[in-house]
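Notes for the one structure printed next.
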Amino acid sequence: MVPYSLIPTHSTVHCSRCEPCSERKKHWFVQDPLTCRCTCTLTQLQCRSRQLELNERVCRCDKPRR
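The numbers in numbering that gives the first Met the number 0 rise by one with no breaks, and the one at position 17 of the sequence shown is 16.
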(Lines of atoms letter the chains of each structure in order from A; the text may use other names.)
(Lines give C-alpha, C1' and ligand atoms only; values in the text may rest on other atoms or scores of the structure.)
Protein backbone atom coordinates (compact mmCIF):
# COMPACT_ATOMS: atom_id res chain seq x y z
CA MET A 0 0.00 0.00 0.00
CA VAL A 1 1.24 3.48 -0.90
CA PRO A 2 1.59 5.93 1.98
CA TYR A 3 -0.96 8.73 1.78
CA SER A 4 1.76 11.37 1.64
CA LEU A 5 3.11 9.87 -1.63
CA ILE A 6 -0.20 9.88 -3.49
CA PRO A 7 -0.06 12.70 -6.06
CA THR A 8 -2.61 15.43 -5.69
CA HIS A 9 -3.83 17.84 -8.31
CA SER A 10 -1.48 20.52 -7.02
CA THR A 11 1.57 18.23 -7.36
CA VAL A 12 0.69 16.78 -10.76
CA HIS A 13 1.77 18.82 -13.75
CA CYS A 14 -1.27 19.32 -15.98
CA SER A 15 -0.02 20.09 -19.45
CA ARG A 16 -2.29 21.97 -21.81
CA CYS A 17 -2.09 21.38 -25.51
CA GLU A 18 -3.39 23.72 -28.11
CA PRO A 19 -6.26 21.92 -29.84
CA CYS A 20 -5.88 20.55 -33.35
CA SER A 21 -6.63 23.17 -35.97
CA GLU A 22 -10.15 23.44 -37.40
CA ARG A 23 -9.01 21.65 -40.54
CA LYS A 24 -7.71 18.75 -38.48
CA LYS A 25 -10.57 18.26 -36.04
CA HIS A 26 -12.60 15.74 -38.01
CA TRP A 27 -10.25 12.80 -38.68
CA PHE A 28 -7.43 13.66 -36.28
CA VAL A 29 -6.98 12.76 -32.65
CA GLN A 30 -4.61 14.51 -30.26
CA ASP A 31 -2.10 12.67 -28.11
CA PRO A 32 -2.21 14.36 -24.67
CA LEU A 33 1.40 13.45 -23.90
CA THR A 34 3.03 14.78 -27.06
CA CYS A 35 0.31 17.27 -28.14
CA ARG A 36 0.60 15.90 -31.70
CA CYS A 37 -2.45 15.54 -33.90
CA THR A 38 -2.45 12.18 -35.65
CA CYS A 39 -4.67 10.74 -38.32
CA THR A 40 -7.24 8.15 -37.22
CA LEU A 41 -7.57 6.59 -40.66
CA THR A 42 -5.36 3.62 -41.46
CA GLN A 43 -3.63 2.50 -44.60
CA LEU A 44 -5.81 -0.64 -44.54
CA GLN A 45 -9.03 1.36 -44.49
CA CYS A 46 -7.96 3.26 -47.57
CA ARG A 47 -6.62 0.21 -49.39
CA SER A 48 -9.91 -1.61 -48.87
CA ARG A 49 -11.43 1.09 -51.09
CA GLN A 50 -8.50 0.97 -53.57
CA LEU A 51 -7.22 4.32 -52.33
CA GLU A 52 -4.05 5.61 -50.67
CA LEU A 53 -3.84 7.29 -47.30
CA ASN A 54 -2.67 10.88 -47.42
CA GLU A 55 -1.53 11.37 -43.82
CA ARG A 56 -0.88 15.06 -44.23
CA VAL A 57 -4.57 15.79 -44.76
CA CYS A 58 -5.83 12.50 -43.28
CA ARG A 59 -7.82 11.51 -46.31
CA CYS A 60 -8.05 8.56 -48.66
CA ASP A 61 -7.03 9.76 -52.12
CA LYS A 62 -6.84 8.17 -55.53
CA PRO A 63 -3.41 6.58 -56.06
CA ARG A 64 -0.86 8.64 -57.97
CA ARG A 65 0.35 7.29 -61.27
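No residue lacks a Cβ here, since even glycine has one placed at the ideal position from N, Cα and C. Keep in mind that this is a model prediction, so the values were computed, not measured.
Distance between residue 63 and residue 52 (C-alpha atoms, nearest Å)
Along the sequence shown, one-based indexing puts residue 52 at 53. Along the sequence shown, one-based indexing puts residue 63 at 64. Approximately 6 Å between the Cα atoms of the pair.
Starting from the Cα of residue 36, find the closest Cα among 25, 46, 59 and give me that residue.
Locating residue 36 in the sequence shown gives position 37, where the first residue counts as 1. Residue 36 has its Cα closest to that of 25, out of 25, 46, 59.
So, using beta-carbon positions, are residue 46 and residue 60 closer together than 7 Å?
Within the sequence shown, the letter at position 47 stands for residue 46. Within the sequence shown, the letter at position 61 stands for residue 60. Yes, Cβ-Cβ distance for residue 46 and residue 60 is below 7 Å.
For residue 53, the residue or residues it bridges with in DSSP
Numbered from its first residue, the sequence shown carries residue 53 at position 54. Answer by DSSP bridge pairing, in chain order: 60.
Thinking just about the alpha-carbon of each residue, which of 33, 28, 48 is nearest to the one in residue 56?
Numbered from 1 along the sequence shown, position 57 holds the residue referred to as residue 56. Answer by Cα proximity: 28.
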